[in-house]
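J.: What follows is a single structure, and I will ask about it in a moment.
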Amino acid sequence: MGSSSTVQASLSGVTRVYPAGGAGKPVHALGPIDLELRAGEFFSVVGPSGCGKSTLLDVMAGLAPPSSGTIAFEGKPVRGQVPDGIGVVFQEDASFPWLTAYDNAAFAARQAGLPENEVRARVEHTLSFMGLMPFAGAYPAQLSGGMRQRVCIARTLVTRPRLLLLDEPFGALDQQTRLLMGDELLALWRETGATVLLITHSLDEAALLSDRIGVMSARPGTFIDLVETGWPRERDSRIVSRPEFGELTGRIWAGLRDQSMRALAAAR
Amino acid sequence: MRAAADVDVPVPASPPAVRRAGRLGDSALVLLGLLALWQFGSWVVGAAVLPAPAATLAKLWAIMSSSDFGGHAWETGRAFLSALAIAFAAGLAIGLLLGAHRLSAEVAEPILVALYAIPKITLYPIILLLFGLGISAKIAFGVIHGIVPVAVFTMAAVRNIRPVYLRAARAMRLTPVQTAGRIMLPAALPGIVSGLRIGFSLTLLGTLIGEMFASQRGIGYLLVKAMETNDVATVVALATLLIVVATIVSGALLALNRRLDRSPKPGR
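Heads up: the sequence lines are chains V and F, in that order.
Using UniProt numbering, count along the first sequence one by one with no gaps and you end on 268.
Using UniProt numbering, count along the second sequence one by one with no gaps and you end on 268.
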């Protein structure tokens, strides 16, 4: 994309410290983080467990305030609430069990006050694109975990976010499903032109999907490496067989191995 | 384990009409079995102790056709419906308030559970002193039976709303009022209806017990009078009437509960 050099969102000097509870010490969970997301890029964040990846997403989305530093989205500071134009998909299944897949997908768009015919057009387009149209009338309880998560992705996409924040949305799924969901995500990314920030613990997923990968240290999480993958925009999971894929995962792991061992030691 | 189900295929559900017919058939079988058991029991212990189903039905018809039955039924119905309205309204209000405030809920829960465990009949003399011998005492006694389960279930239903729903609500920029109406209410409704179902049964129990002591009117009074004169046929006929009414309403509430509760069940 021609606009790949425009900065869409930026974090500068962002930290998050959880205040001390009772007699405990305050927990320095994140940062300082400096990051500039380019409009339209696919950026993944990998890091050892507990390094503050999800905290980073919460802070970027405006769901949690930073303890210091500033966040800007499209030039405006993010503070206190989720800005218009940002869509979030969570790791946990957040589909509403009392609504059908269709009404779940339409929820955010209706909430945004779009006219019902526009909502219908967008929902039908998104569900069709994702192959979910046959299940439009089904309730989440009738769907598998993977499909429920796709309904959540559809719900977010229907609002046409310009920045899509994904917090390990495939974390609970098996490897084969993840690869296919990754392909679908790439297709959606190309179709919508949105910027994607994907939090993941899977090196493969990051190496496969991203234009750039931010590798985080153990807590308090900071970026220790930024990797450009150089993949073409047209790509899918078949690139796992390319030799560059192995080199990429090797490079990420080289940085991450030490950090993961530290995180593991700290957890013991 | 979940891989196959996760890829795409939803579990095919049998058509609702077939399932409903199956459930009705099962209920009819259970009913027939109970009637057979009743008849058999009557043969074993003798009709003087346990009148047979047919004789009971005839007796019930005779009681209901008698001129003063309408007045007694109206008295019980009036007391019960008043008690139910108060128990539901107050129980819901208490439950919603406690559910919204974590500290209050933690303080109140053991107190409510303790109240629930008290044999409330021991409080009846106090209730009679407070409310006198009329309908108010019956209503009050019905209320103290029904209010606690409604409050406890409502509180639990509100507190057990999955946090990710509330995070999703914030990510979709819902106002607090919208979050209450569009997320919290539908999420908590199945649990609340469970509480109403149990509250219904206990309020009926309380009202009838109230009528059995220190009362000159109502079905509970008729029951006690029949017991005093060893009129077994009347006792069994009235008990049957109460059981049928309670079962029908409780069944209707259970059906409503099932309709509302579409949450994915564990193991899916």
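From the three backbone atoms N, C-alpha and C, an ideal C-beta is built for every residue, glycine too.
Could you have a look at residue 269 of chain V and say whether DSSP puts it in helix, strand or coil?
T.: In this structure chain V extends from 1 to 268, so residue 269 of chain V is not present and cannot be described.
J.: Grab the span of the alpha helix (DSSP H) containing V/Gln8 for me, first residue to last.
T.: Where V/Gln8 is concerned, there is no enclosing alpha helix (DSSP H), although the beta strand (DSSP E) it sits in stretches over 7-18.
J.: Check each candidate in V/Asp58, V/Phe43, V/Leu132, V/Leu203 and name the one with the smallest Cα separation from V/Glu247.
T.: Looking at the Cα atoms, V/Leu203 is the closest of the given residues.
J.: Hey, out of V/Gln8, V/Val17, V/Leu30, whose CA is closest to V/Gly221's CA?
T.: Among V/Gln8, V/Val17, V/Leu30, the Cα nearest to that of V/Gly221 is on V/Leu30.
J.: Identify, in the order they occur along the chain, each residue of the same chain with its Cβ nearer than 7 Å to the Cβ of V/Asp183, setting aside the five sequence neighbours on each side.
T.: Excluding residues within five positions, the ones whose Cβ falls inside 7 Å are Asp236, Ser237.
J.: Measuring only the C-alpha atoms, how far is V/Ser260 from V/Leu63?
T.: Those two C-alpha atoms are separated by around 27 Å.
J.: Going by DSSP, name the residue or residues bridged to V/Arg212.
T.: Beta-bridge pairing links V/Arg212 to V/Phe43, V/Glu228.
J.: Can you tell me whether V/Asp211 is buried or exposed, with buried defined as 16 or more other CB within 10 angstroms of its CB?
T.: With 16 or more other Cβ atoms within 10 Å, it is buried.
J.: Starting from F/Met172, find everything on chain V with Cβ-Cβ shorter than 9 Å and list it in chain order.
T.: Residues of chain V passing the Cβ test: Val82, Gly87, Val88, Phe107, Ala108, Gln111, Ala112, Arg155, Thr156, Thr159.
J.: Can you check whether the CB of F/Gly195 is closer than 7 Å to the CB of F/Val143?
T.: Result no, Cβ atoms of F/Val143 and F/Gly195 do not sit closer than 7 Å.
J.: Tell me whether F/Ala3 sits in a helix, a strand or coil according to DSSP, three-state version.
T.: The predicted model places F/Ala3 with a pLDDT of 40, which falls under 50 and marks its position as unreliable; any figure quoted below should be read in that light. Here F/Ala3 sits in helix by DSSP.
J.: Check distances from the C-beta atoms of the region 150-171 of chain F to those of chain V and list, in chain order, the residues that come in under 7 Å.
T.: Going along the region 150-171 of chain F in chain order, one finds Val164, Tyr165, Arg167, Ala168, Arg170, Ala171 with a Cβ nearer than 7 Å to chain V.
J.: Measure the alpha-carbon distance for F/Ile121 versus F/Val177 and round it to whole angstroms.
T.: Going by the C-alpha atoms only, they are around 41 Å apart.
J.: Could you check whether the Cβ of F/Ser194 sits closer than 7 Å to any Cβ belonging to chain V?
T.: Not an interface residue.
J.: Contact defined as beta carbons within less than 8 Å: I believe V/Glu74 pairs with V/Gly85. What is the distance between those atoms, to the nearest angstrom?
T.: Contact holds; Cβ gap of about 7 Å.
J.: Using DSSP with H/G/I as helix, E/B as strand and the rest coil, what is F/Arg262?
T.: F/Arg262 falls in the coil class under three-state DSSP.
J.: Distance cutoff 7 Å, beta carbons only. Does F/Arg262 sit that close to anything in chain V?
T.: Interface residue, yes.
J.: Taking just the CA atoms, how far does F/Leu253 sit from F/Asp231?
T.: Straight-line Cα distance between these residues: approximately 33 Å.
J.: Restricting to runs no shorter than 4 residues, where is the alpha helix (DSSP H) found entirely within the region 110-180 of chain F?
T.: If we require 4 residues or more, the alpha helix (DSSP H) runs fully inside the region 110-180 of chain F come out as 124-131, 135-159, 163-171.
J.: Assuming the contact rule is C-beta atoms closer than 8 Å, V/Ser44 and V/Ala266 should be a hit. Round their C-beta distance to whole Å, please.
T.: That pair is no contact at about 24 Å.
J.: What residue from V/Gly13, V/Asp58, V/Gly146, V/Arg79 has the CA that sits closest to V/Ala101's CA?
T.: When each option's Cα is compared against that of V/Ala101, the closest is V/Gly146.
J.: In chain F, which residues lie with their C-beta within 9 Å of the C-beta of V/Ala207?
T.: Here the premise fails: no neighbours, minimum Cβ distance about 23 Å.
J.: Quick check on DSSP: helix, strand or coil for V/Val88?
T.: DSSP places V/Val88 in strand when its eight states are reduced to three.
J.: Sorted by chain position, which residues of the same chain lie with C-beta nearer than 7 Å to V/Ser54's C-beta, five sequence neighbours on each side aside?
T.: Cβ neighbours of V/Ser54 beyond the five flanking positions: Asp167, Ile199.
J.: Examine the ligand SAH and report whether any of its heavy atoms sits within less than 6 Å of the Cβ of V/Glu244.
T.: Among the components modelled here there is no ligand, and therefore nothing to report on the ligand SAH.
J.: Using DSSP with H/G/I as helix, E/B as strand and the rest coil, what is F/Ala52?
T.: Three-state result, F/Ala52: coil.
J.: Using the Cα positions of F/Val44 and F/Met64, report the straight-line distance between them to the nearest angstrom.
T.: Using only the alpha carbons, I get a separation of about 28 Å.
J.: Please report how far the alpha carbon of V/Gly250 lies from the alpha carbon of V/Glu191, in whole angstroms.
T.: V/Gly250 and V/Glu191: Cα-Cα distance of roughly 30 Å.
J.: Measure the alpha-carbon distance for V/Pro169 versus V/Val46 and round it to whole angstroms.
T.: The straight-line gap from Cα to Cα measures roughly 14 Å.
J.: So F/Ile147 packs on F/Ala90, CB below 8 Å; how close in whole Å?
T.: With a Cβ gap of about 6 Å, F/Ile147 and F/Ala90 count as contacting.
J.: Along chain V, which residues have their Cβ under 9 Å away from the Cβ of F/Pro186?
T.: Under the 9 Å cutoff, chain V gives Phe96, Pro97, Trp98, Leu99.
J.: Would DSSP call V/Thr159 helix, strand or coil?
T.: V/Thr159 falls in the coil class under three-state DSSP.
J.: Note down, in chain order, each residue of its chain lying with its Cβ closer than 7 Å to the Cβ of V/Leu99, except the 5 sequence neighbours on either side.
T.: Once the five neighbours on either side are set aside, the close Cβ partners of V/Leu99 are Phe107.
J.: Please classify V/Thr156 as buried or exposed, where buried requires at least 16 other C-beta atoms within 10 Å of its C-beta.
T.: V/Thr156 comes out buried.
J.: Which of the three DSSP states is assigned to V/Val82 in this structure?
T.: DSSP places V/Val82 in coil when its eight states are reduced to three.
J.: Determine the contact status of F/Phe80 and F/Leu204, defining contact as a CB-CB distance below 7 Å.
T.: Yes, these two residues count as a Cβ contact at 7 Å.
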